[in-house]
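Engineer:
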Amino acid sequence: NVPNIYAAGDVARLPMLAHKAYREGIVAAEAIAGRPTRYDFQAMPSVVFTVPELASVGLTAAEAAGRGYPAAREARYPYAALGRAHASHALEGWVKIVGDDTTGLLLGAHAAGEGAGDYIAEIAHALEMGSTVRDIAQTIHPHPTFSEALSEAALLWLDEPMHVTRRTGAHARR
921 NVPNIYAAGD VARLPMLAHK AYREGIVAAE AIAGRPTRYD FQAMPSVVFT VPELASVGLT
981 AAEAAGRGYP AAREARYPYA ALGRAHASHA LEGWVKIVGD DTTGLLLGAH AAGEGAGDYI
1041 AEIAHALEMG STVRDIAQTI HPHPTFSEAL SEAALLWLDE PMHVTRRTGA HARR
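Residue numbers (the working numbering): 921 to 1094.
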């Protein structure tokens, strides 16, 4: 940080993502204009546009444990349990929710499967707002959509699964 020197995008820091550069540009402009501004780098979504699509935001359970959340754990919900996945013939995939077992704080989400990059921003917003895993579980998602896997994974994390059991391939780690 150097007073009156502003940078955005690839020159600022990794990762090299267009949406990160846009946000950094806005933050720089707000700072130059003297407006209050905020930038939460932890809530930066990342998407790999492959088949299957990969999306991630926030911490993994291992990263969380190393950053002061020893009670961090995850729950993974399979696409095969989603109506939309069956309708789209896209059964390969999953959503993983990471939260702190002590506070219920949402720490991250990771996904592999069709549409993962489209719904990961919901978790980025939730992280910025300091949401809990229960907040995600109580968010109403339209049916049938891939985004339903977010609330389903959150319910599984809370040990309140609605549409799966451990036998269907979903799992939660305590």
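Glycine included, each C-beta is placed from N, C-alpha and C at the ideal position.
(1) Where does D1020 sit, in a helix, a strand or coil, going by DSSP?
(2) Decide if Y997 is buried, meaning its Cβ has at least 16 other Cβ atoms within 10 Å, or exposed.
(3) What's the call for P990, buried or exposed, on a 16-neighbour Cβ count within 10 Å?
(4) Rounded to whole angstroms, what's the CA-CA distance from K1016 to H1061? Just pull it up for me.
(5) Is the Cβ-Cβ distance between V977 and I1040 less than 7 Å?
(6) Ignoring anything shorter than 3 residues, give me the beta strand (DSSP E) runs that lie fully in the region 925-979, in order along the chain.
(7) Taking Cβ positions only, does F969 come closer than 7 Å to chain B?
(8) Taking C-alpha atoms, which residue in L979, V931 and A938 lies nearest to A1099?
(9) Restricting to Cα atoms, I'd like to know which of Y999, A1000, E994 and G1013 is closest to D1021.
(10) By how many angstroms is the C-alpha of H1063 removed from the C-alpha of R1004?
(11) I'd like to check one pair, A1000 with L1011: are the Cβ atoms closer than 7 Å?
(12) Determine the direct distance from the alpha carbon of V947 to that of I1056, and round the result to whole angstroms.
(13) For the beta strand (DSSP E) containing E1034, name the first residue and the last one.
(14) Taking 7 Å as the cut-off, decide whether the C-beta atoms of L1027 and A1073 are in contact.
Structural biologist: Let me lay it out:
(1) Here D1020 sits in strand by DSSP.
(2) So Y997 ends up on the buried side.
(3) Of the residues assessed, P990 falls on the exposed side of the cut-off, its CB having fewer than 16 other CB atoms within 10 angstroms.
(4) Between K1016 and H1061, the C-alpha separation is close to 16 Å.
(5) Going by C-beta atoms, V977 is nearer than 7 Å to I1040.
(6) DSSP runs (the beta strand (DSSP E)) wholly in the region 925-979: 966-968 and 974-978.
(7) Any reference to chain B falls outside this structure, which holds one protein chain only.
(8) Shown here, the chain extends from 921 to 1094; a query on residue 1099 therefore has no answer.
(9) Checking every option, the nearest Cα to that of D1021 belongs to E994.
(10) Cα to Cα, R1004 sits roughly 8 Å from H1063.
(11) Yes, the pair counts as a contact, with Cβ atoms nearer than the cut-off.
(12) As the crow flies, the alpha-carbon of I1056 is around 27 Å from that of V947.
(13) Boundaries cannot be given for E1034, as no beta strand (DSSP E) includes it and DSSP labels it neither H nor E.
(14) Taking 7 Å as the cut-off, the Cβ atoms of L1027 and A1073 do not count as close.
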